[in-house]
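Taking our numbering, I'd label the letters of the sequence shown as residues 87 to 514.
Using N, Cα and C, we set each Cβ at its ideal position, and we do this for glycine too.
Note that the structure is a prediction, hence the values are computed from the model and not measured.
Below is one structure; the comments refer to it alone.
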Amino acid sequence: MAQRPKDNLAPLHLHVPEPKFRPGDKPDFSDVFVPPVDVIARPDEAVIPADIHNLAYGLVRVLGDDNEATGSWNPGLDADKLRLMLRKMLTLRAFDDRMFRAQRQGKTSFYMKSYGEEATSVATTMALQRDDMCFPSYRQQGILVTRDYPLIEMMNQIYSNRGDKLKGRQLPIMYSAKDYGFFSVSGNLTTQYPQAVGWAMASASRGDTRIAAVWCGDGSTAEGDFHSALTFAAVYNAPVIFQVVNNQWAISSFSGFAGSERTTFAARAIGYGIAGLRVDGNDVLAVYAAMEWAANRARTNNGPTLIEYFTYRGEGHSTSDDPNAYRPAEEYAEWPLGDPVDRLKAHLIALGEWDEERHLALATELSDEVKAIQKEAEKNGILGHGLHHSFETMFEDVFEDMPWHLKEQCEQVLEEQRDKFGSEWKAQ
Ligand SMILES: Cc1ncc(C[n+]2csc(CCOP(=O)(O)OP(=O)(O)O)c2C)c(N)n1
Ligand SMILES: [Mg+2]
């Protein structure tokens, strides 16, 4: 075919994504496709990825609009387990609430809530084995809560106080808890993806049975690390579960900037030839079922899975963010997949296993418990009160033998402190 003459062509132009609603607009989610429960039945865990492409475009659901759990994805959890899930999500909510306030009170510099997406860290962790390795982003504090990591340790880290096991070296909320199978949180988006694959490959090459699970946000899928991790995992059939918490926002950028206008995040799996599931992220049972399916698959050498949880970031990105500047305040209330805590509560009530009174009592009990722990943590220090690890500790733990230049710098710091506070000075 002959080339068209340049003069006859309209000028090229780019598409710049724009969110549908801005502050002041009335959000309308009537075009969000919410299929009935069990439209796509749960496939065999050994299924070939090419046979389940439709699952990457659907939405796995278990809890229907009538709050009943039905369909082939129903994990069939008993009431005690459901109540435990509710307790963990409410603990997480109480913790987030107190720590957010603590930041507003000047007790820490920074905090990030997971409001509205609690199911994606709590239900997933419950579906894993205790010794499976988790590679979180900064919004999966629910993993630690679910694995019974002491809340006081989390608070000590947030306050960077003298009880902080990380000695004030990480930004508040960037926890690290090896004994709890919780890899150190990194502020650099998506670095945990290749790390999880490396860990999973090491597990397989040692002939172990433990698998890795990794989380990132919708915006983070645009990072190169996301794609190299998927390539490695696909090539070596690594026992790893990739999870994308699609809460539709990356700070003030809507998910369109990560490609959501073109296809789903779960559909990224298709290009790599691995299994992809798109799941209602506010349906705890669907989230649990998806993770259980993917974990069984990974554990039986059937390869990696990419799961997208479709959810909504109910509050600001962090304490440094005000979402009223870029999205309508009513969006969360209008969001058609609801709230994960409310939906689990309604399900338990529909089963006759819960009621409003018990719910209120549990929420109060957990909030009081978190408050009491906070009091204890604050005895170890809060921001600006000087109760932190001594300055010289910042030079430790990097080299086995401290090199001369660090020794020199350390001595300088101590001298400055003595000049300032007198020869008796000692850091607390
Ligand atoms: C490599 C890198 N680029 C940019 C940032 C700045 N940043 C921090 S959080 C964030 C948004 C990430 O959004 P998403 O992946 O959707 O996760 P969410 O916050 O919604 O959980 C950005 C751009 C960063 N920390 N690291
Ligand atoms: Mg996001």
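Item, Value
"Suppose the cutoff is 8 Å on Cβ atoms and the five residues either side in sequence are ignored; what does the same chain contact list for Pro109 look like?", "Asn410, Ala411, Tyr412, Arg413, Pro414, Ala415"
"What does a CB cutoff of less than 8 Å around Leu469 pick up in its chain, not counting 5 residues either side in sequence?", "Gly192, Lys193, Thr194, Ser195, Tyr245, Ser246"
"Measure the CB-CB distance between Gly305 and Ala355 and report whether it falls below 7 Å.", "no"
"Can you tell which of His101, Phe107, Ala96, Asp130 has its C-alpha closest to the C-alpha of Thr85?", "Since the first and last residues shown for the chain are 87 and 514, residue 85 lies out of range."
"If you follow the alpha helix (DSSP H) that Gly228 is part of, which residue opens it and which one closes it?", "227-232"
"According to DSSP, is Ala96 helix, strand or coil?", "coil"
"Helix or strand or just coil, what does DSSP make of Asn332?", "strand"
"Give the DSSP-derived three-state secondary structure of Thr276 in the structure shown.", "coil"
"Taking one C-beta from the region 445-465 and one from the region 227-234 each time, how about it: are there three or more such pairs within less than 8 Å?", "no"
"For Arg255 and Val133, I'd like the C-alpha separation in whole angstroms.", "45 Å"
"Per DSSP, Ile327 forms a beta bridge with which residues?", "Ala299, Thr391"
"Quick check: the region 349-365 against the region 391-400, are at least 3 beta-carbon pairs closer than 8 Å?", "yes"
"What residues in its chain sit with their C-beta under 7 Å from that of Glu478, if we drop five residues either side in the sequence?", "Cys496, Val499, Leu500"
"Using 8 Å for Cβ pairs, my map puts Ala344 next to Thr307. What's the rounded Cβ distance?", "5 Å"
"Does ligand 1 have a heavy atom nearer than 6 Å to the CB of Leu275?", "yes"
"Pick from Glu417, Val370, Lys493, Glu420: whose alpha carbon is nearest that of Ala432?", "Val370"
"Looking only at C-alpha atoms, which of Met212, Lys493, Gln329, Thr405 sits nearest to His188?", "As written in the sequence, residue 188 is Ala, which differs from the His given in the question. Selected option, being the one with the closest Cα: Thr405."
"Would you check if the region 257-270 and the region 219-226 touch, i.e. whether three or more CB-CB distances between them fall below 8 Å?", "yes"
"Which residue or residues does DSSP assign as beta-bridge partners of Arg364?", "Glu394"
"Can you find at least 3 beta carbon pairs, one from the region 147-161 and one from the region 441-452, that sit closer than 8 Å?", "no"
"Using a Cβ-Cβ cut-off of 7 Å (strictly less than) and excluding sequence neighbours within five positions of Met171, which residues of its own chain qualify?", "Val208, Ala209, Met212, Val370, Leu430"
"What does the alpha-carbon distance come out to for the pair Gln514 and Val484?", "Confidence in Gln514 is poor, its pLDDT being 49 and thus under 50, which makes the residue's placement unreliable; the coordinate value appears in the next sentence. Straight-line Cα distance between these residues: approximately 22 Å."
"Tell me which residues share the same chain as Arg216 and place their Cβ nearer than 8 Å to its Cβ, disregarding the 5 neighbours each side in the sequence.", "Arg233, Gly267"
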